[in-house]
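A short worksheet on the structure shown next.
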Amino acid sequence: MKVSGDATLHAPIDRVWAALNDPAVLVRTIPGCERLEATGPDAYTMTVTAGVASIKGTYSGEVKLHDQQPPGSFVMSASGAGGPGTVSTEVQVRLEERDGATRLTYDADAVVGGMIGGVGQRMLAGVAKKMAGEFFAAVDDVLTGRAPETDGSTTTAEGMPAVYADPGAQPGVYVAPPKPGRAVPEGFAAGAVVGAVIALAGVVVGGLLGRRRT
Amino acid sequence: MTKMFGEPIKRVEDRRLLLGGGAYLDDLGRDAYAAAVLRSPHAHARVIDIDVTDALDVDGLIAIYTYDDLAGAMAEPLPLLIPHPTLTHGRTQYALARDEVNHVGEAVAVVVARDRYLAEDAAERIAVTYEPLPAVVGIENARAATNLVHDDVPGNVAANTMQEYGDARAAVAAAPNRLSLDLAVERSASTPMETRGVLAEWDADSGRLRMWSSTQTSTGVRAAVAAKLGLDLTDVEVITPDVGGGFGVKIVHPWPEELLVPMAARLLKHPVKFTEDRREHFIASAHERAQLHHVEVGFDDAGRILGLDVRFWHDHGAYIPYGLIVPIVTSTQLLGPYKPGAYRVEFDSLYTNTVIVTPYRGAGRPQGAFVMERTLDAIAGSLGLDRTEVRAANFIQPEEMPYDFGLTFQDGRPLRYDSGDFPASLDKLKKLVGWDEFAAYREQARAEGRRVGIGLACYVEGTGVGPYEGGHVLIETSGKVKVATGLTSQGQGHQTVFAQIVADELGVSMDDVEVVTGDTRRFPYAVGTFASRAAVMSGSAIALAARNVREKALRVAAEALEADPKDLEIVDGMVRVRGNPGAEITLGTVAVLSNPLRYAFDEASKAATQFAVGDPGKPPVAEDDEPGLEGRDYYSPPHATFANGMHAVIVETDPDTAEIRILKYAVVHDCGRLINPRIVEGQIHGGVAQGVGGALYERMAYDEHGQLQNASFMDFLMPYVTEVPRGIDIDHLETPSPLNPLGIKGAGEAGVIPSAAVFAAAIEDAEGIPITSMPISPSALFELRRTHEGQR
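Top to bottom, those sequences are chains G and Y. Heads up: the first sequence begins at 0 in our numbering, then just goes up one per residue. Heads up: the second sequence begins at 8 in our numbering, then just goes up one per residue.
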């Protein structure tokens, strides 16, 4: 399954970075993401719950970053498995600055196996694209002030969200805060997961930009 | 008394089946534990680790088995059922994957729990670590062999096979006219209404296994299970319940579940059942059809084929348990009713990381007919001749029968047609479809802005392959007749046609005949229902068995009636002396007399006391006799009997949307003598419907990673009754087979064989665009139009 798309984030590149750089923000913004853990400089593990109707499940997987060519492009490989099946994807991400905004394009090639692989494949790409779009829109809303940057529990001095660390969790582990009405993303699970992975590309964007700036 | 053979009698099984009285596999074993199979989500991967820890928490879990739990023969690969000298690189799977999976859906673990919900919950919690490997999908990729399915199979080639008569290449080179064609057929599958299923119970006290399977061969399953579980054949009973269709996919045996379920039942000392769900059937049960073909043909100016050189590539999937049956059938049955001057055929059977390929109704013949008929259409087109003329020029003539090609058929026996009258069949077809009137119809349609086309396709089908089937016929003291054959039923109407045969042979009412199929307790020697062989093989065996019973009944009755057996007749269950009214005895009483038991249990026994049989000077059961009125016999043919037929279709294609509509479908069919025309026509109707699906709708949409993307009826298009021709015009020709006592030939696969060929021909005729790949959808036709216009 191939999915491509783009997003324009209406903020200078350093603010984009600031928003995307913090895994605690991303764990709240990535659709269905419950837990995100940095396991190395270019590696994460994550847990995503996604699904619709009877095909619902939790996927656990790994994300790795490679072929970085800062600041223009990188490739992200992710693979996950859960009850409804398996997903593995490679996302090629490209970035450019344009008129004070940041433009991001992605091309994902995903292998979706298991139960989801055989049913409703023709809907998956649409679902994945829709979710990626929602993610970038959500981040953009934060950046442009249309949405609160945090849920109001704590903010830092710069107005950036605080880390929602699980009290019992290891450092570098981020869990999504409990949110009333936070629903499992609607859509076919695998499409949702691919969408989440593409969303996660945003994490990497932030990380890359962050390193570039520091 | 009316003769039953040849009468369009209504199927006696239908009342029971239509009123919900059928008992299919999943209707049985309500108290059994349920098994669920964990299947590979990858087309090609190494299995690094299987961790069942999380699954153990599921309440109601009984057991989980992985490869490591298999012992003895169970830990060995599954059998390669049909070896062949050219099958040099045969590979089969393990009942549960050992260290590698080779297609999506391959069984990795089996979970037994109190019910199927719990079994699936537990299966979902098993964590398997895979190392994905590159998947080989599609014939082009298999042929290129950039990646290998099995590391030890170079080029992905399991077999390279060649057959030839004459020097075809020289004949092509020397011919005045030559053509080259590339022709492709995609994958499809049997897709029976009832999926696979198996139930087993172990009797620990007697050490015996009883199992039920939705199979096309109970004796095959029995032998496989006995071998794998280390049991004697007599300690394994396999019963085939009502089967909701097989179409080939259930002749494969043993499926992993047919071994794992009895293994678990024995270990757990509790009945265990597995019922395959629809998604599992799509990804884990066999497919067929995918082949690429290259044709070089040389012909004279009358369209006579002087040399035919066919090279093709067959996709057999990840493993090859059923050997080379499908490509061998293509390579031989491609010839149809024609006699090319010289013929050479060579194929490669290739591994791919997709589910296995085994015979599906038609079994390689649809591809063969597609190749031959497309070739003949191309010859007609290039010479500007009528397509029927080119066919007639190439027909084997009736006086040339039996016709021996000098090739070897799928059963290892000569490809030798026993009978057939192809020119007569073609005449019938032309009349039936209105071939000669079509040009005028086309003009009339054109004037109305409509686009119509006509096509025809012919085939010959080897049916009733050996080695044998048997029949057992027993007359009860009640006069009822009990018939058994080991061959199974998959819904064809065996209870009806076998009863018709027996009713005629014995002179009894069909209502008094009860037929049991596919139960090893009743008949332990059998092969199975496939290759359109049930009527030919079991029908003949049952007829022979009934004749034995009749002979004994007449002998015993003659003694009782003090008459010559030659003067006796049996009418409606009564043995009578011809021309001597009142000198008669019922078959039930004869049955009593045949068994010199001293107790009189019932009225029939009392009635028998008025007759005296047996020589008082000899033992009650003579040395060359046995008690009871029963007979058993076997039919084993020298080689297959060849049925044939011709189809024609008129289609209309929408000039804008490329939708394809069927206006008329005509079938001329010759399966020798008809036991029951209604059932034969039902088989043709079903076959045509399946052929319409195969030609216009169905395909297996594997992506490049080996994921089957349309593994549900949401995306896999099956024709509804609305897509099947409303009326199918059928005409029969009956050229009896000289090979069996009833003069019959098989009819089960006939309807589906020429479908791809006949639709391609009609669409090509309507559109004026070469159709070289099937199936064809409206969008594919739409694209073809655009490409074709671009080339103009």
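Note that the Cβ used here is the ideal one computed from N, Cα and C, for glycine as well.
How many angstroms separate the CA atom of Ala548(Y) from the CA atom of Ala130(Y)?
-> Walking along the second sequence from the start, residue 548(Y) turns up at place 541. Walking along the second sequence from the start, residue 130(Y) turns up at place 123. Between Ala548(Y) and Ala130(Y), the C-alpha separation is close to 46 Å.
Ile657(Y): beta carbon under 6 Å from a heavy atom of the ligand NAD?
-> Absence of the ligand NAD from the depicted structure is noted, as is the absence of any ligand whatsoever, leaving it without description.
Show which residues of chain Y have a CB atom less than 8 Å away from the CB atom of Val111(G).
-> Reading the first sequence from its first residue, position 112 is the one you call residue 111(G). Going along chain Y in sequence order, the residues near Val111(G) (Cβ under 8 Å) are Gln714.
Spell out whether any CB of chain G is found under 7 Å from the CB atom of Glu711(Y).
-> Counting from 1 along the second sequence, the entry for residue 711(Y) is found at position 704. It does not; no Cβ of chain G falls within 7 Å.
CA nearest to the CA of Thr503(Y), picked from Glu265(Y), Gly652(Y), Asp640(Y) and Arg685(Y) = Here residue 503(Y) corresponds to residue number 496 of the second sequence, with the count starting at 1. Measuring from the Cα of Thr503(Y), the nearest candidate turns out to be Arg685(Y).
Could you please give the first and the last residue of the uninterrupted beta strand (DSSP E) stretch that includes Arg311(Y)?
-> The sequence position of residue 311(Y) within the second sequence is 304, counting from 1. For Arg311(Y), no beta strand (DSSP E) segment is defined, and its DSSP state is neither H nor E.
Alpha carbon to alpha carbon, what distance is there between Ala297(Y) and Gln170(Y)?
-> If you number the second sequence from 1, residue 170(Y) lands on position 163. If you number the second sequence from 1, residue 297(Y) lands on position 290. Answer to the nearest angstrom: the Cα atoms are 21 Å apart.
Between the Cα of Ala114(Y) and the Cα atoms of Asp122(Y), Ala120(Y), Ala126(Y) and Tyr101(Y), which residue gives the shortest distance?
-> As a working note, residue 114(Y) is residue 107 in the second sequence. Minimum Cα distance to Ala114(Y) is reached at Tyr101(Y).
Determine which residues of the region 33 to 48 of chain G have a Cβ less than 7 Å from any Cβ of chain Y, and write them out in chain order.
-> Taking a C-beta cut-off of 7 Å against chain Y, none of the residues of the region 33 to 48 of chain G qualify.
Are the C-beta atoms of Glu131(Y) and some chain G residue less than 7 Å apart?
-> Counting from one through the second sequence, the residue named residue 131(Y) turns up at place 124. Yes, Glu131(Y) counts as interfacial toward chain G.
Does the distance from the CB of Asp772(Y) to the CB of Ile386(Y) come in under 7 Å?
-> Stepping through the second sequence from its first residue, residue 772(Y) is reached at position 765. Stepping through the second sequence from its first residue, residue 386(Y) is reached at position 379. Not a contact, by the Cβ cut-off of 7 Å.
In angstroms, rounded to a whole number, what distance separates the CA positions of Ala109(G) and Thr202(Y)?
-> For the purposes of this step, residue 109(G) is identified with residue 110 of the first sequence, where counting begins at 1. For the purposes of this step, residue 202(Y) is identified with residue 195 of the second sequence, where counting begins at 1. For Ala109(G) and Thr202(Y), the distance between alpha carbons rounds to 30 Å.
Could you please tell me which residues of the region 55 to 81 of chain G, in chain order, have their CB closer than 8 Å to any CB of chain Y?
-> Flagged, chain order: Gly56 and Ala80.
So, are the CB atoms of Thr524(Y) and Gln497(Y) less than 7 Å apart?
-> One-based indexing of the second sequence puts residue 524(Y) at position 517. One-based indexing of the second sequence puts residue 497(Y) at position 490. Going by C-beta atoms, Thr524(Y) is not nearer than 7 Å to Gln497(Y).
Using a Cβ-Cβ cut-off of 7 Å (strictly less than) and excluding sequence neighbours within five positions of Asp33(Y), which residues of its own chain qualify?
-> Mapped onto the second sequence, residue 33(Y) falls at position 26. Annotation for Asp33(Y): Gly204 and Thr282 place their beta carbon closer than 7 Å to its own, counting only its chain and skipping 5 residues before and after.
So what's Phe505(Y) in DSSP terms, helix, strand or just coil?
-> For the purposes of this step, residue 505(Y) is taken as the residue at position 498 of the second sequence. Helix at Phe505(Y).
Beta-carbon proximity of Ser220(Y) to Glu287(Y), cut-off 7 Å | On the second sequence, residue 220(Y) is found 213 positions in, with the first residue counted as 1. On the second sequence, residue 287(Y) is found 280 positions in, with the first residue counted as 1. Not a contact, by the Cβ cut-off of 7 Å.
Could you please give me the residues that DSSP links to Trp320(Y) through a beta bridge?
-> By one-based count along the second sequence, residue 320(Y) stands at place 313. Looking at the DSSP assignment, Trp320(Y) forms a beta bridge with Leu299(Y) and Asp355(Y).
Between the region 80 to 97 of chain G and chain Y, which residues of the former have a C-beta closer than 9 Å to a C-beta of the latter?
-> Listed by position, the residues of the region 80 to 97 of chain G near chain Y (Cβ gap below 9 Å) are Ala80, Gly81, Gly82, Pro83, Gly84, Thr85 and Ser87.
So is Lys257(Y) buried or exposed if we call it buried at 16+ other beta carbons inside 10 Å?
-> Walking along the second sequence from the start, residue 257(Y) turns up at place 250. By the neighbour-count criterion, in which a residue is buried when 16 or more other Cβ atoms sit within 10 angstroms of its Cβ, Lys257(Y) is buried.
Could you name the residues of chain Y that Gly125(G) contacts, counting a contact when the two beta carbons are closer than 8 Å?
-> Here residue 125(G) refers to the residue found at position 126 of the first sequence. When 8 Å is used as the limit between beta carbons, Gly125(G) is near no residue of chain Y, the shortest such separation being about 14 Å.
DSSP on Glu265(Y), reduced to helix/strand/coil?
-> Within the second sequence, numbered from 1, the residue matching residue 265(Y) stands at position 258. Reduced to three states, the DSSP call for Glu265(Y) is helix.
Helix, strand or coil for Gly477(Y), going by three-state DSSP, please let me know.
-> Start at 1 with the first residue of the second sequence, and residue 477(Y) comes out as number 470. Correct three-state label for Gly477(Y): strand.
Compare the C-beta of Gly4(G) with all C-beta atoms of chain Y and state if any pair is closer than 7 Å.
-> Here the question's residue 4(G) lines up with position 5 in the first sequence. For Gly4(G), the answer is no, since every Cβ of chain Y falls outside 7 Å of its Cβ.
Which residues of chain G have a Cβ atom closer than 8 Å to the Cβ of Pro48(Y), listed in chain order?
-> Taking the first residue of the second sequence as 1, we reach residue 48(Y) at position 41. What Pro48(Y) touches in chain G, judged by beta-carbon distance under 8 Å, is Ala80, Gly84, Thr85, Gly112, Gly113 and Gly116, going in chain order.
If you compare alpha carbons, which of Glu450(Y), Val467(Y), Ala126(Y) and Ser784(Y) is closest to Ala538(Y)?
-> Reading the second sequence from its first residue, position 531 is the one you call residue 538(Y). Out of Glu450(Y), Val467(Y), Ala126(Y) and Ser784(Y), the CA that lies nearest to the CA of Ala538(Y) is found in Val467(Y).
For chain G, find out if any of its Cβ atoms is closer than 7 Å to the Cβ of Arg194(Y); answer yes or no.
-> Within the second sequence, residue 194(Y) is the residue found at index 187, counting from 1. So no, Arg194(Y) is outside the interface.
Could you confirm whether any beta carbon from chain G is found closer than 7 Å to the beta carbon of Arg285(Y)?
-> Sequence index remark: in the second sequence, residue 285(Y) carries index 278 (1-based). Under the Cβ distance rule, Arg285(Y) does not count among the residues neighbouring chain G, no pair being separated by less than 7 Å.
So Gly546(Y) and Ile508(Y) are in contact, right, with Cβ under 8 Å, and what is the actual spacing, rounded?
-> For the purposes of this step, residue 546(Y) is identified with residue 539 of the second sequence, where counting begins at 1. For the purposes of this step, residue 508(Y) is identified with residue 501 of the second sequence, where counting begins at 1. Indeed they touch by this definition, with Cβ atoms about 6 Å apart.
Please list the partners that Ile290(Y) has in chain G, where partner means a Cβ-to-Cβ separation under 8 Å.
-> Indexing the second sequence from 1 puts residue 290(Y) at position 283. Within chain G, the residues near Ile290(Y) are Gly117.
Enumerated in chain order, which unbroken segments of the beta strand (DSSP E) with a length of 3 residues or greater are wholly contained in the region 373 to 455 of chain Y?
-> Secondary structure in the region 373 to 455 of chain Y: the beta strand (DSSP E) runs of 3 residues or longer, each lying completely within the stretch, are 410 to 415 and 421 to 424 in chain order.
Leaving out the 5 sequence neighbours to the left and right, which residues in its chain are closer than 6 Å to Thr93(Y) when beta-carbon positions are compared?
-> Counting from 1 along the second sequence, the entry for residue 93(Y) is found at position 86. Within its own chain, the residues whose Cβ lies closer than 6 Å to the Cβ of Thr93(Y), once the five positions on either side in sequence are excluded, are Ala166 and Thr168, listed in chain order.
Determine the DSSP secondary structure at Tyr74(Y), reduced to helix, strand or coil.
-> Residue mapping note: residue 74(Y) aligns to position 67 of the second sequence, counting from 1. Of the three classes helix, strand and coil, the one that applies to Tyr74(Y) here is helix, per DSSP.
Going along chain G, which residues have a C-beta under 9 Å from Val111(Y)?
-> Within the second sequence, residue 111(Y) is the residue found at index 104, counting from 1. In chain order: Gly112, Gly113, Gly116 and Gly117.
In the DSSP assignment, find the unbroken alpha helix (DSSP H) run with Ala767(Y) in it and report its ends.
-> Translated into the one-based positions of the second sequence, residue 767(Y) becomes position 760. Where Ala767(Y) is concerned, the enclosing alpha helix (DSSP H) stretches over Ser762 to Glu774.
Whole-Å CB distance - Lys487(Y) paired with Asp511(Y), under 8 Å assumed | Numbered from its first residue, the second sequence carries residue 487(Y) at position 480. Numbered from its first residue, the second sequence carries residue 511(Y) at position 504. Contact between Lys487(Y) and Asp511(Y) is absent: CB atoms are separated by about 17 Å, not below the 8 Å threshold.
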